[in-house]
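As they're listed, the protein sequences go chains A and B.
FYI, the numbering for the first sequence is 1 to 158, going by this note's numbering.
FYI, the numbering for the second sequence is 159 to 820, going by this note's numbering.
Every residue gets a Cβ at the ideal spot worked out from N, C-alpha and C, and that includes glycine.
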Amino acid sequence: MKKQVLNLFALIMLLAAIGCSSDKSEPAAAGGDAAAKPKSMVSDEPDPLENKGVGPITSVELSATVDQAMADKGKVVYEKMCMACHKPTEKFIGPAPKGILDRRSPEWVMNMILNPEQMVKEDPIAKKLLMEFNGSPMANQHLTQEEARQVLEYFRTL
Amino acid sequence: MKNHSNLLSNLMLAAMVGFVFLLSSCGKASQGTTSGALSGNAASKVYVAPGQHDEFYAFMSGGFSGQIAAYGLPSGRLLKVIPIFSVDPEKGYGFNEETKPLLNTSHGFIPWDDAHHPALSQTNGETDGRWIFINGNNTPRLARIDLTTFETAEILEIPNSGGNHSSPYLTQNTEYVVAGTRFSVPIPQKDVAISSYAENFKGALSFVKVEPTTGRMNIEFQVLMPGLNFDLASSGKGPSHGWTFFTSYNSEMKNSLLEVNASQNDKDFVAAVNWKKAEEYLKAGKAKDFPANYMHNVYSDETHSATSTAMKSVKVLIPSECPGLVYLLPTPKSPHGVDVDPTGEYIVCSGKLSADITAHSFPKMLKAIEEKAFDGDISGVPIIKFESVLGGTVKEPGLGPLHTEFDGKGNAYTSFFISSEIVKWKVGTWEVIDRQPTYYSIGHLMVPGGNSMKPEGKYVVALNKITKDRYLPTGPELTQSAQLYAIDGDKMELLLDFPTIGEPHYAQGISAEKIKPKSKQFFKLSENKHPYVTPTEKDAKVVREGNNVHVYMTMIRSHFNPDNIEGIRVGDKVYFHVTNLEQDYDVPHGFAVMGATNAELLIMPGQTETLLWEPKKEGVYPMYCTDFCSALHQEMQGYIRVSPASSATALKWWLGEEKPVQ
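Right, dumping it as structure tokens:
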């Protein structure tokens, strides 16, 4: 008897739910491993120099030598928009950009500037960095793609 | 066993309830139970799902709160309280150095007013979502709120006025907002016996020009009327564009016991002002310059600061010297609301003490003027014969009519204070179609766009004066109540009660789509022209100028720069000029320092605000961020060391590592 009632309950709820089936279904929220692992390297992580991150930038061409004019513009943008948290050559609120291209792909760097909210949720390296830097979020300072590219060029001079 | 079967029946019941609930939430329930005035599906009509937006913004005046509250309709959700005439410590409004000038008047800094009638700007007779204006009743003022920021952009004091009640009631292209005085006063003000009212007191009707691109206000002219009490106003539209109509009471011109003495005459007057004619007289040099003291306060989104300018004169037109400028329309009895219908043909007047609603006809008025169908004059202002201007009468629709709104389908909705109801009637045939009770004692009512040429006639909101038992009691002082009715069917249908802030008088409503896309997300740092901006952390510093200390401080998740300051002395005036370096949506930071006698700062991204702090005792004082900004919000804090007035403690500041004296 009890089982029948429970089945009936389930059936009624199912019918009612079907009645609502015109509602658009939302895609499931991104994965549940929010609790990031400790700092130790995990072998199945992507090669940081190949990983382009998540965001609008899929490919960046770097010239053989630094474009100094572009880097100068990038320095101005960097000092206005980034310096509150990133000193060029030493760890501060966030990591220092010196030598960043030895550690990351240029696309990853620009995506981290342009799309930090999604990066710290979805990109394995950015997720780890968020925890390493005390959960202090990378602020989206709404640089244009052009400005982010200039900042990247400036990083090459550090 | 018995318990067991009870459990089973309970489960059955739960299943059935769940079934009904789920069906209802799909909006498919055809008929529910009727409870009082509510029909069963009212809830689904006001339900806005979590994360979804309302269809309309509603802007409710706060009355004696001095503010406007923005709500979503149909949900009745409160979105923001916009501080205008009253200080607001929550936002630092009127407490930070930047907004203090907005509250300057010729009487000094005034932290409060009584705000009654919001008016959305219009283009071609339609709300355009650029600005909302509102009157300050007590110390006569007009304010303009920018609807990209939902912040007060300008406050203009109105001179020669004794209470700015018939205001702003703007014209169809926002050429003018008007400001008619409730109290007549000596103009210019002087020390005279109150009993010399009839001889010395005048009523000024001000026409404030609005610059079409910036919205900046300027008193273009005042019409010096006899000593009537101007109550409400409505500007013409379509064919009647160019005219503004003001109701008045106290045609008896008494100055005491008005509830008796100003209720003697069967008819009072609507003053019809031809402002296009006034412009001609102005051009022809007919205006007189009257000395006047009033303040004009303007806020800039570039400097994030307001400035006050003392104004010294106004241009005044005297009706007896300007034929055709203004006429009086006799109107029964002690008329309160005046509302021009969307076609611009009828001027609907609600005589508080009249059994009927009186609608004057604009074409008939023009004809009467042409034929000089006058019945004498007051101080040179012709009185048009009542019969010559009367367009129609709604016979005995209820008790105590106050205000009328329109739905754009030929229907009018009038509020009745004494009989506590909304009555729907047909413009032109004057027949009553429907009536619904309000809970209780409705004042104004509002249809989105219902005072414009293009009403969005889906809802009417009743703004009630008395709440009594409608909500959980909160001691002697109760919230005021708004009620939402659907008016898209033949019958009005009560959908929702929701509390409001202060006492709502009039309100305005507008399709959310006219405002939403233009809403500002943050201020660009590169456009910040505040004189004390700290554009980067490199520029953070502390500067002493005698006893004034200027702290150029930045904030970003999650630190201040500097966050340690030494060398402040008792007796100093410390100005914290704090710049929020964030350039993202919804990342404000707050700033508070112990012992501050004003309030906090609440600083939007890209903005600079200043808090004045005058420490009275030596010691080390904490400061911190008040608006939860990140996981490390609690760490966003610092110290200020205050030394005795005579001390030689060096002025130092730093973030992270202590730096030598700079």
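Where DSSP assigns a beta bridge to residue i, which residues make up the other side?
i      : result
B/E703 : B/N706
B/R302 : B/F291, B/E312
B/H735 : B/Y710, B/T768
B/Y334 : B/K367
B/L760 : B/G748
B/M794 : In the DSSP output, where bridge partners are listed per residue, B/M794 has none listed.
B/L415 : Answer is none; B/L415 lacks a bridge partner.
B/L382 : B/A362
B/K425 : B/P490
A/W108 : DSSP lists no partner for A/W108.
B/R799 : B/V778
B/V343 : B/K360
B/M218 : B/A227, B/A665
B/M469 : B/Y452
Can you tell me the Cβ-Cβ gap for residue i and residue j, rounded? I've got them flagged as a contact below 8 Å.
i      : j      : result
B/T307 : B/D459 : 7 Å
B/Q380 : B/V484 : The Cβ separation is near 12 Å, so there is no contact.
B/M781 : B/Q795 : 7 Å
B/M383 : B/A429 : 6 Å
A/G135 : B/L790 : 7 Å
B/H735 : B/T694 : Actually they are not in contact, since the Cβ atoms of B/H735 and B/T694 sit about 14 Å apart, beyond 8 Å.
B/S233 : B/I226 : Not quite, the Cβ-Cβ distance comes to about 18 Å (not below 8 Å), so this is no contact.
B/F388 : B/L363 : 7 Å
Tell me which same chain residues have a C-beta within less than 8 Å of the C-beta of residue i, skipping the five on either side of it?
i      : result
A/G31  : In this prediction, A/G31 has a pLDDT of 39, which is less than 50 and means its spatial position is unreliable; what the coordinates show is noted afterwards. Answer for A/G31: no residue qualifies.
B/T596 : S573, S578, E579, I580, A620, N622, Q641
B/Y643 : I580, Q594, Y617, V618, V619, A620, M650, E651, L652, L653
B/L328 : A277, S279, Q280, F291, Y334, V335, V336, V368, S393
B/K160 : Low local confidence applies: a pLDDT of 42 at B/K160 is under 50, so the model's placement there is unreliable, and no value is given.
Less than 6 Å between C-beta atoms, sequence neighbours within five positions excluded: which residues of the same chain meet that for residue i?
i      : result
B/E437 : none
B/R715 : C787, S788
B/D497 : S392, V506, T562
A/I57  : E107, M110, N111
A/P46  : none
A/T74  : With the sequence shown as reference, residue 74 of chain A is identified as Gly, and Thr is not the correct amino acid for it. Closer than 6 Å at the Cβ level, and outside the excluded window around A/G74, lie Q150, V151, E153, Y154.
B/Y452 : S264, E315, P317, M469
B/R109 : The question about residue 109 of chain B has no answer here: the residues shown for chain B are numbered 159 through 820.
B/K446 : V474
B/I376 : The identity of residue 376 of chain B in the sequence shown is Asn, whereas the question assumes Ile. Excluding residues within five positions, the ones whose Cβ falls inside 6 Å are K367.
B/D721 : G796, L813
B/Q422 : E410
B/G550 : A517, W588
A/E147 : V77
Using only the heavy atoms of the ligand MN, determine whether one of them is closer than 6 Å to the beta carbon of residue i.
i      : result
B/P555 : What this structure holds is no ligand at all, so the ligand MN is not there to describe.
To which residues of the same chain is residue i closer than 7 Å at the C-beta, ignoring the five residues directly before and after it?
i      : result
B/G647 : none
A/I12  : With a pLDDT of only 48 at A/I12, under the threshold of 50, the placement of this residue in the model should not be trusted, and no figure is reported.
B/H747 : M713, N738, I761, C783, D785, C787
B/D271 : G224, F243, S244, G294, N295, N296, T297, R299
B/I268 : L261, T297
B/S512 : P490, K491
B/N419 : E410, K412
A/K87  : A96
Which bits of chain D does residue i rub up against, with CB to CB less than 9 Å?
i      : result
B/Q741 : The displayed structure is made up of protein chains A and B, and chain D is not among them.
Ranges of the beta strand (DSSP E) found wholly within the stretch 473-551 of chain B, counting only runs of at least 3: 484-490, 493-498, 504-509, 515-519, 532-536, 539-542
Cβ-based contacts, 8 Å cut-off: residues of the stretch 72-85 of chain A near chain B: E79, K80, M81, M83, A84, C85
Runs of alpha helix (DSSP H) lying entirely within the stretch 62-103 of chain A, each at least 4 residues, in chain order: 68-81, 100-103
Residues, ordered as in the chain, of the stretch 688-720 of chain B that lie near chain A by beta-carbon distance below 8 Å: P693, T694, E695, K696, T712, I714, R715, S716, H717, N719
Interface residues of the stretch 48-64 of chain A facing chain B [CB-CB below 8 Å]: none
Whole runs of the alpha helix (DSSP H) within the stretch 621-704 of chain B, excluding any shorter than 4 residues: none
Near-chain B residues of the stretch 129-156 of chain A - C-beta to any C-beta below 7 Å: N134, G135, S136, P137, A139, N140, Q141, H142
Chain B contacts from the stretch 90-112 of chain A (Cβ-Cβ distance under 9 Å): F92, I93
Sequence ranges, beta strand (DSSP E) only - wholly within the stretch 389-413 of chain B, length at least 3: 401-407
Segments of 3+ residues assigned as beta strand (DSSP E) that fall wholly inside the stretch 236-279 of chain B: none
Completely contained beta strand (DSSP E) runs for the stretch 548-625 of chain B, where each covers 3 or more residues: 548-552, 559-564, 569-574, 579-584, 590-595, 600-604, 617-622
Within 7 Å of chain A by C-beta, residues of the stretch 420-437 of chain B in sequence order: none
Contact list for the stretch 757-779 of chain B against chain A, Cβ threshold 8 Å: none
Contact set between the stretch 647-680 of chain B and chain A, restricted to residues whose Cβ is under 7 Å from the partner: none
Contact set between the stretch 564-582 of chain B and chain A, restricted to residues whose Cβ is under 7 Å from the partner: none
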